[in-house]
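Residue numbers (UniProt numbering): 1 to 185.
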């Protein structure tokens with residue numbers, strides 16, 4: 001099994017092998033091209049996103065600067081918006097539903113590094129997927145950690161650190177992020 005397959009399957013893998021180094025270099029190159037395009041270059045931006053990301057809807061806006069590790073593990077639904085300075089470390093799948101709005105300076109991190117320093121120094125790591133369901137609003141400076149699912153129709157407050165699943169139809173805030181209010185239909 002390749003290191004890429006191990007990474008995608010949530011097993012321990014070595015990110016320093018040539019196949020993954022090449023994939024990261026490709027993603028970084030495409031991000032650099034994307035981030036340097038003029039504001040009104042919508043067609044060129046869409047073409048780069050089609051090359052970079054695993055799946056995109058027809059209506060997608062990602063403001064520069066945008067950075068990711070691989071890109072191919074990112075899936076975006078329809079009517080999707082990311083504000084400036086987003087980082088997605090997509091060692092595992094990162095799935096965004098439709099009608100998702102993400103504030104500036106947000107991070108989505110799937111990578112898990114060993115706590116033990118000797119093991120960590122070998123560069124061996126693993127990853128867990130992140131799922132953001134439909135109709136979610138994530139406030140600026142929020143961080144979504146490995147293995148988290150954010151439910152549909154949910155709002156994550158600015159500056160939150162989401163370390164555990166958040167259910168549907170709630171407002172959740174804080175570090176660690178906790179539900180503070182149910183959203184009534």
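We treat Cβ as the ideally placed atom computed from N, Cα and C, and that holds for glycine.
Inset, instruction - Can you say whether residue 186 is buried or exposed, counting buried as having 16 or more other CB atoms within 10 angstroms of its CB? - result: The chain is shown only over 1 to 185; residue 186 falls outside these bounds and no answer can be derived.
Inset, instruction - Kindly provide the ranges of any beta strand (DSSP E) runs that are 3 or more residues long and lie completely inside the region 94–171, ordered along the chain. - result: 94–96, 107–109 and 130–132
Inset, instruction - Would you kindly work out how many angstroms separate the C-alpha atoms of residue 11 and residue 127, rounded to a whole number? - result: 7 angstroms
Legend entry - DSSP state of residue 45 mapped onto helix, strand, coil: helix
Inset, instruction - Examine the Cβ distances between the region 37–46 and the region 11–27 and report whether three or more of them are shorter than 8 angstroms. - result: no
Legend entry - Host beta strand (DSSP E) of residue 81 (start-end): 80–82
Inset, instruction - Determine the DSSP secondary structure at residue 56, reduced to helix, strand or coil. - result: coil
Inset, instruction - Please classify residue 123: is it buried, with 16 or more other beta-carbons within 10 angstroms of its beta-carbon, or exposed? - result: exposed
Legend entry - N- and C-terminal bounds of the alpha helix (DSSP H) containing residue 31: 18–36
Inset, instruction - May I ask you to list the residues that DSSP assigns as paired with residue 66? - result: 86
Inset, instruction - Compare the beta carbon distance of residue 158 and residue 172 with 9 angstroms and say whether it is the shorter of the two. - result: no
Inset, instruction - Check the C-beta distance from residue 129 over to residue 110 and give it rounded, since I have them as a contact under 8 angstroms. - result: 6 angstroms
Legend entry - DSSP-derived helix/strand/coil call for residue 183: coil
Inset, instruction - Would you tell me roughly how many angstroms separate the C-alpha atoms of residue 90 and residue 117, rounded to the nearest one? - result: 23 angstroms
Legend entry - C-alpha distance - residue 177 paired with residue 144, whole-angstrom precision: 10 angstroms
Inset, instruction - Please confirm whether residue 19 and residue 44 have their CB atoms less than 9 angstroms apart. - result: no
Inset, instruction - Evaluate residue 121 with the Cβ neighbour count: other Cβ atoms within 10 Å of its Cβ, from every protein chain shown; 16 or more gives buried, anything less gives exposed. - result: exposed
Legend entry - Residue from 113, 133, 134 and 135 whose Cα sits closest to the Cα of residue 125: 113
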